[in-house]
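Each residue of the sequence shown is one higher than the one before, counting from 381 in this note's numbering. All remarks here apply to the structure that follows.
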Amino acid sequence: MKRLYYLTESIDAAEKLSDRLHDEGITDWNFHVLGKDKANIVKHHLHSTTPLQELDIVRSGERGILVGLVVGVFFVAILSLFTTFGEGLHWLWLLAAVMLFAFFGAWLGGLVGVLTENYKIKQFHKYIEEGEYLMLIDVDGMQKPLVESIITREFVGIRKAGEDTTLITPFANTAG
381 MKRLYYLTES IDAAEKLSDR LHDEGITDWN FHVLGKDKAN IVKHHLHSTT PLQELDIVRS
441 GERGILVGLV VGVFFVAILS LFTTFGEGLH WLWLLAAVML FAFFGAWLGG LVGVLTENYK
501 IKQFHKYIEE GEYLMLIDVD GMQKPLVESI ITREFVGIRK AGEDTTLITP FANTAG
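See below:
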């Protein structure tokens, strides 16, 4: 799926766009609004962004899993080669030890992600701090032209700010 990013200074415009997109079959699960004034978003009955969209929890957790796997494999390999740790142990116990490191890495990465703004949202931070509203619209390939044409034709105060995929990858470019 594609994620379209639009910015507006008017919460009323965001609400009207939401209503218009509902008429076209775009649900609240595919339309999220991020802004400095979260109470205003709720007051206008708009679907606010989730912590998974605002924070870097998923990407940091993915990175943590990868680091944990590497450290776990290295740890088990070193212990197996230079000690009697691995002798007589079933390979499932060794796998369990590696997985323990991976789970710990995911947990630690998730904690780091809670403290970090989502890398996909970071580029819009300045606009949000200035009081604008960022709209995240998730569409499939067939809905994208429809959504873009509706916004271009019917909404003057809403401008396109970017486009990306909804997929979160651990090694994505963080330059915004």
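C-beta: ideal position from N, C-alpha, C; glycine also.
Among 504, 478, 439, nearest to residue 455 - alpha-carbon criterion: Restricting attention to 504, 478, 439, the CA atom closest to the CA of residue 455 is found in 478.
Do the CB positions of residue 397 and residue 538 come within less than 8 Å of each other? yes
So is residue 544 buried or exposed if we call it buried at 16+ other beta carbons inside 10 Å? exposed
Per DSSP, which residues does residue 542 bridge with? Please list them. Looking at the DSSP assignment, residue 542 forms a beta bridge with 385.
Quick check: the stretch 486–503 against the stretch 444–451, are there 3 or more CB pairs under 8 Å? yes
Using alpha carbons as the reference points, say which of 406, 416, 495, 421 lies closest to residue 394. 421
Determine the DSSP secondary structure at residue 551, reduced to helix, strand or coil. coil
Hey, how far is the Cα of residue 440 from the Cα of residue 434? Within the model, the alpha-carbon separation for residue 440 versus residue 434 is close to 13 Å.
Top-ranked residue by Cα proximity to residue 471, from 482, 453, 462: 453
DSSP bridge partner residues for residue 513 (one or two, in chain order): 388, 415
Rounded to a whole number of angstroms, what is the C-alpha to C-alpha distance between residue 499 and residue 436? CA-CA distance, residue 499 to residue 436, rounds to 7 Å.
Can you list, in chain order, the residues of its chain with a C-beta nearer than 8 Å to that of residue 493? Leave out the 5 residues immediately preceding and following it. Closer than 8 Å at Cβ, skipping near neighbours: 435, 436, 437, 438, 439, 440, 441.
Residue 533 to residue 501 span [Cα, whole Å]: 26 Å
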